[in-house]
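Chains as they are written, first to last, in my numbering: chain V, 2 to 335; chain P, 204 to 491; chain L, 11 to 334. Quick notes on the structure that follows.
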Amino acid sequence: MTFKFVSKRILMFFIVVLVASSVNFFIPKLVPDTDPVSIRMMEIADQGGVYDEGMKAVADEYFKMFGLDQPLWKQYLFHLRDAATFNLGVSFTYYPSTVMGMIWDALPWTFGLLFTATIMSFVIGGVVGALLGWPYAPRSLRYIVPPLFLFSAIPYYMLGLLLIYVLAYWLPLFPTAGGYQIGEIFNFGWGRMVDIIHHAALPALSIVIAEFGIRSLVTRGMILSLYGEDYIKLAEAKGLPNSRIFMWYGIRNTLLPQFTILALHLGHIASGAIIVEIIFAYPGLGNLLRDSVQAFDFPVIYGIVYFLILSIAVATLLLDFIYPIIDPRITYED
Amino acid sequence: MNNIIDVKNVTKIFSKGIINKSFTRAVNNISLNIDSEKPMIRAIAGESGSGKTTLARMILGLISPTEGELFFQGQNINKLNNEDRLNFRKSVQPIFQDPFGVFNPFYKIDRVLNTPLIKFQVSNNKTEIKDRIETALNSVGLRPDETLGRYPHELSGGQRQRIMVARALILEPKVIVADEPVSMVDASLRATILESIYKFKEEQNISVIYITHDLTTAHQLCDDIMVLYAGNMVEAGPIDLIVRNPSHPYTKLLVNSIPFPDPDMNWKKYDPKDRLKLDVESVGWRNK
Amino acid sequence: MSKILEVNDLKVYFHTNLGPVKAVDGISFSLESGERLGLVGESGSGKTTTALALMRLIKKPGIIENGKILVDQKDLLALNDTQMREARFSEISMIPQGAMNSLNPVMKIGEQLKDTLVAHRKYSGDQSLSKQQYRSIIDNLLTSVGLEKNVAKMFPHELSGGMKQRVTIAMGISLEPKVILADEPTSALDVVVQRHVMETLQNAQEKIGAGLILVGHDMGLMAQFVHRIGVMYAGKLVEIAPVKTIFKNPIHPYTKMLIRSLPKLDSHGRFFGIPGLPPALLNLSPGCTFCERVEDFSHVGEPVEWTMISKDHEVLMCGGCEKR
């Protein structure tokens with residue numbers, strides 16, 4: 002791995018994060034006439050207690066505290082500095098909880114859900130798709146699988162609702178919402194783990210089913226075109242067992258494009274996961290984001306979006322480094 | 204004596220990487236010229252990696268040399284203005300090796316024949332275009348009614364290559380650069396294609412640069428030959444002399460590798476040590 | 011020397027919507043142990059299909075309609091799928107055309123050589139060998155085709171064309187089969203490498219005493235390499251004879267034209283192409299397709315028969331061909 006390769010990639014990473022972070026800063030500012038402090042004040046006023054004279058002073062104090070009275074460019078620079086040091090500020094709504102703290106609490110749920118769901122859809126979709134394209138697969142597969150594609154056409158939110166209805170209400174096999182049984186003390190025992198998995202099953206399943214269709218079709222296409230290649234013919238001529246040809250000569254050659262697709266798809270999966278979390282009231286970043294957008298809780302919004310961008314950029318960077326391991330034809334030179 | 208193509212001390216170096224550079228000297232100080240008065244067919248022979256394709260690309264103006272210059276009718280190829288460049292492209296036409304890859308599979312083969320005539324502004328008259336195409340096809344031994352209107356995959360490799368030859372001819376160029384035009388065609392069908400190329404010289408005064416690694420077809424087709432090894436010219440001269448009586452060890456290696464269609468003329472046994480003796484001074488142009 | 015391969019009346023038809031394409035239409039020949047036979051013909055003559063049929067690798071819509079393929083007295087067409095899979099590469103092996111694409115790009119060379127050995131050991135119920143034992147077998151295979159031992163650790167794209175072809179030769183002899191089929195193994199290589207590869211092939215074949223069939227279109231290559239030549243045209247074998255006889259006394263007009271079209275060093279400026287096009291194999295007329303090609307339709311309906319010119323020289327032609 003040459004120094005040049007690594008440094009170039011890392012530079013790209015920083016540029017991406019910088020650009021995204023800047024966009025992140027400016028877009029909410031473009032919404033006209035919203036000023037988070039006033040909105041919050043109005044909410045509080047709704048809940049009872051109106052102090053006309055003092056209100057303005059309180060608002061001004063808040064403005065100063067959150068740096069909203071500074072000129073825009075100064076706010077921008079502070080923003081960048083904070084972003085780099087992960088000092089994401091404090092939440093407006095849940096003051097004085099720090100944004101970082103809130104994200105940190107929600108992160109394991111999202112990460113666990115997303116990671117497992119992605120891996121599962123990758124593997125299941127990949128294998129099933131490959132089998133569909135393989136001439137020696139059991140015939141029945143060709144009749145059973147295509148109807149499943151219908152489910153992939155259903156948008157995430159509908160799918161989530163559908164799953165809740167069928168598997169949590171009608172046949173109460175799974176819990177309808179939440180990440181864990183409410184009211185229990187948080188410990189790391191075995192029963193706890195099972196409970197978490199039980200709660201994660203439906204959200205994960207909705208992501209998997211939604212991704213399954215595309216992934217299978219893509220893999221199937223790849224395997225079909227691969228089977229005409231000369232090296233498959235030679236492998237058959239060598240008298241190798243069909244299973245070995247399928248795994249080592251077939252699927253192994255589709256891994257690289259699949260990883261590329263995965264890398265490109267990460268953003269999409271992340272956004273889908275957000276919706277899924279909202280439907281299932283899953284205590285992850287998705288829920289947090291929804292709440293903070295509704296409340297115009299800017300620091301939290303910035304924080305979550307920044308975090309998402311960062312995670313996807315890191316994931317893409319890692320995939321970039323993994324590529325040459327998977328496909329020996331790609332070298333570390335540029 | 205005017206030269207239509209003049210290659211003066213041309214060198215091409217390919218570099219790879221920016222921090223840790225590695226260099227490959229594909230072509231090293233090669234000169235040649237093609238006379239405009241007397242058309243001829245010259246072979247440029249060598250194995251893969253000898254630099255022959257790189258040289259061809261420079262002559263066609265597709266890549267520029269690192270050192271040295273190439274001239275077309277006295278003008279530097281890489282410094283032409285647009286109008287002269289168009290003229291250059293029209294006068295120096297290629298025929299490439301692969302009869303499969305050169306066609307866009309979505310278009311009928313007519314497009315390959317129509318486009319040059321239109322783009323090079325040879326003619327706008329539909330009838331004239333049609334006539335020229337039919338003449339060109341006939342001269343390579345194809346029947347227009349059997350070839351026009353078809354897609355590339357509907358024709359055989361030999362037919363496709365003949366269409367490529369017809370395409371080169373259609374613009375009435377002065378020089379044709381043929382890069383291994385028959386190596387991907389069946390041995391038994393090569394004769395027809397080579398014959399069309401031979402007729403370029405005989406009947407149409409077109410000079411041909413024939414790039415190959417096959418000395419027998421070179422002998423059949425060409426007047427003289429230039430042998431390249433690792434980017435250098437090692438020997439050159441009249442074809443009969445060089446092939447029957449090679450002087451440089453590399454030429455000898457090439458000649459010894461020819462599979463003669465005569466069971467009594469056996470290949471000499473391949474000796475890997477032959478390859479070690481090849482770093483010998485170039486013999487240059489020979490006349491005897 | 012016994013007959014290691016006997017092919018009797020082999021027919022391979024492709025059933026398309028437009029009718030049957032008779033890619034191979036009743037060919038018969040035999041091969042002795044240690045002998046090299048060349049099958050020469052243009053593209054579309056059926057030579058590659060024959061090679062694939064001998065490995066039973068013909069896929070739909072192609073079917074082996076008829077025939078017997080006897081390798082060392084064992085009829086390959088009578089074997090079931092599992093048995094045939096065992097027979098591949100252990101009884102009869104293939105060296106494919108264009109090794110460029112025939113090697114799995116994501117597997118190391120050593121792995122690709124090894125999996126043939128491993129798979130076939132499993133089939134024959136032999137015990138699996140240790141890593142070192144496999145390593146030494148692979149090292150021997152590589153050196154026997156003139157490659158360095160470290161090639162086993164490389165990937166196909168790191169090798170040159172000639173080296174890749176030699177890897178496929180190593181694969182082809184790894185199980186010491188009785189018959190080797192080489193399908194245009196040098197078509198993508200230049201003359202110098204070609205000579206080296208063909209010599210490697212000859213050494214490898216002679217070392218294990220197998221019979222070899224070289225399929226190709228280059229009579230020049232055949233002249234240098236094989237003992238006997240079979241000329242194929244439009245799915246049929248039209249002439250078969252020892253190599254010197256074919257060149258000195260070709261009988262069939264197609265063979266004559268093939269030989270004449272090749273440049274030797276005395277044909278400057280003279281070209282003898284074969285007129286017309288190879289026939290489309292769909293709806294072949296029952297008579298002599300060669301006469302049709304040279305546009306002599308007077309003999310089209312005439313029967314085409316095998317004639318024996320001498321003990322080992324046979325020709326398939328019609329009355330019209332005889333007179334050419």
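Yeah, the Cβ is synthetic: ideal placement off N, Cα and C, and Gly gets one too. Keep in mind the model is a prediction, meaning the values are calculated, not measured.
Quick one: which chain L residues come within Cβ less than 8 angstroms of Y401 of chain P?
G279 and F281
Under 8 angstroms: do the stretch 274-282 of chain V and the stretch 121-136 of chain V share three or more Cβ pairs, one atom per stretch?
no
Below 8 angstroms CB to CB, which residues in the same chain sit around N236 of chain P once its five sequence neighbours on both sides are set aside?
N206, I208, D209 and V210
Which listed residue (L:K21, L:T317 and L:A198) has its alpha carbon closest to that of N111 of chain L:
L:A198
Within 10 angstroms of the Cβ of K246 of chain L, are there 16 or more other Cβ atoms? Answer buried if so, exposed if not.
buried
Return the bridge partner residues of Q278 of chain P from the DSSP annotation.
P:F275
Buried versus exposed, by CB contacts within 10 Å (16 or more), P308 of chain P
exposed
Is the CB-CB distance between L20 of chain L and S40 of chain L below 8 angstroms?
no
Selected residue, minimal CA-CA separation from R335 of chain P, among P:D313, P:P441 and P:P452:
P:D313
Where D200 of chain L and L49 of chain L are concerned, what is the direct C-alpha to C-alpha distance, given to the nearest angstrom?
21 angstroms
Under the three-state reduction of DSSP, which class applies to E334 of chain V: helix, strand or coil?
Confidence at E334 of chain V is low in this model, with a pLDDT of 47, below 50, so the placement of that residue is unreliable and no value is reported for it.
Rounded to whole angstroms, what's the CA-CA distance from R353 of chain P to K311 of chain P? Just pull it up for me.
5 angstroms
A118 of chain V: which of V:I275, V:V17 and V:R140 sits nearest, CA to CA?
V:I275
Given this structure, state the Cα-to-Cα distance separating S320 of chain L from I250 of chain L, to the nearest angstrom.
11 angstroms
Measure from the alpha carbon of H356 of chain P to the alpha carbon of each residue in P:L273, P:P302, P:K472 and P:H451, then state which is nearest.
P:P302
With R143 of chain V as the anchor, note down where its alpha helix (DSSP H) starts and where it stops.
L142 to A154
First and last residue of the alpha helix (DSSP H) that includes Y158 of chain V?
Y157 to L164
Does any residue of chain L have a CB that is nearer than 8 angstroms to the CB of E357 of chain P?
no
State the CB to CB distance for the pair P284 of chain V and W105 of chain V, rounded to an integer number of angstroms; the pair is presumed to be in contact (CB under 8 angstroms).
The pair is not a contact, with the Cβ atoms about 12 angstroms apart (cut-off 8 angstroms).
Throw me the rounded Cβ distance for the V171 of chain L and V203 of chain L pair, which I believe falls under 8 angstroms.
The question names Val, yet the displayed sequence has Gly at residue 171 of chain L. Correct: roughly 7 angstroms between the Cβ atoms.
Straight-line Cα distance separating S312 of chain V from F337 of chain V
Because chain V spans 2 through 335 in this model, residue 337 of chain V falls outside it and cannot be assessed.
Identity of the residue in V:A60, V:L114 and V:T317 nearest F93 of chain V by Cα:
V:A60
Pair within 8 angstroms by beta-carbon distance, L241 of chain V and D125 of chain L
yes
Run the CB neighbour count on M173 of chain L, radius 10 Å, all protein chains shown included, and call it buried at 16 or more, exposed below.
buried
Please decide whether L15 of chain L counts as near chain V, where near means a Cβ-Cβ distance under 8 angstroms.
no
Residue-chain proximity (M129 of chain L, chain V), Cβ-Cβ < 8 angstroms
Looking at the sequence provided, one finds Ala at residue 129 of chain L rather than Met. Taking Cβ atoms only, chain V reaches closer than 8 angstroms to A129 of chain L, which makes this a yes.
C-beta contact flag for A264 of chain V and T220 of chain V at 8 angstroms
no
One question on the structure: do I102 of chain L and L191 of chain L come within less than 8 angstroms of each other, judged by their Cβ atoms?
yes
Neighbourhood of F152 of chain V by C-beta, 6 angstroms cutoff - its chain only, sequence neighbours within 5 removed:
I210
Does any CB atom of chain L fall closer than 8 angstroms to the CB of E334 of chain V?
Note that E334 of chain V has pLDDT 47, beneath the 50 cutoff, so the model's placement of it is unreliable and the number below is only indicative. No, E334 of chain V does not count as interfacial toward chain L.
Count the other CB atoms within 10 Å of the CB of P285 of chain L; is the residue buried (16 or more) or exposed (fewer)?
exposed
Just to confirm the assignment, what range does the alpha helix (DSSP H) spanning L191 of chain L have?
Note, L191 of chain L: premise wrong, no alpha helix (DSSP H); beta strand (DSSP E) at V189 to D193.
Is the beta carbon of N25 of chain V less than 8 angstroms from the beta carbon of V306 of chain V?
yes
Three-state secondary structure (DSSP) of W316 of chain L:
strand
Where the alpha helix (DSSP H) containing F291 of chain P begins and where it ends
N285 to S294
Have a look at Y453 of chain P and V437 of chain P and give me their C-alpha separation to the nearest angstrom.
8 angstroms
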